[in-house]
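Below: one structure, written as structure tokens.
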Amino acid sequence: MPGVTSEQLIAQYSDERRALARLLAGRRLEPFLGLELTLHQLRIVLLVALGAATTGRELALSLQVSAPTVSASVEKLVAQGYLARQECGEDRRVTRLVATPMAGEIQRQLLGETDPSTDVLASLDPDDLAALVRGMSALRRAVEQRS
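In terms of full-length UniProt numbering, the sequence shown is residues 1 to 147.
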């Protein structure tokens, strides 16, 4: 852009990046706004879905809460269909918690495995999309060189 300084372009880029981040954050939050889960319950669902905790004891340790607190929350989550119990093969007294497809979808959405911007990118003019890819590649290379 003739007559535009690097400082002006950087400021314009920063403004656009912040505006885009706000818009995309709103799109990422949409699926969670309708959930009937408390933050505590969401943490349990994610720990189980990620495989970080699969028993009530492991959940209590991870969340630093009492076993009865976890137990009550797990009961609700099982009843709501987010978690299921599975008997351990070698010891039937031990039950493991597993994520249901509902919990898996929450994990995918929260961790960004489903990108809400993909449909927006697909709607761009191919020349604009190519320019965006070139710009992102240049930015990545610049960051790599500084690292």
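Think of the CB as a built atom: it goes at the ideal place given N, C-alpha and C, for glycine as much as any other residue.
These figures come from a predicted structure and were not determined experimentally.
Beta-carbon proximity list for residue i, same chain, < 8 Å, skipping 5 on both sides
i   : result
V48 : T54, L59, L83, L97, V98, A99, A103
G56 : A67, V70, S71, V74, L97
Residue i - DSSP class collapsed to helix/strand/coil
i   : result
T95 : strand
E90 : coil
L83 : strand
Q64 : coil
L59 : helix
L20 : helix
P2  : coil
G51 : coil
Sub-8 Å separation of residue i and residue j beta-carbons
i    : j   : result
Q107 : L42 : no
S62  : A72 : no
L23  : I44 : no
Contacting residues, own chain, Cβ-Cβ under 6 Å from residue i (five flanking each side not counted)
i   : result
Q86 : R96, V98
Please confirm if the segment 63-73 is in contact with the segment 24-36, defined as three or more CB-CB distances below 8 Å between the two stretches.
no
How about the segment 32-39 and the segment 126-135: do they share at least three Cβ pairs that are nearer than 8 Å?
no
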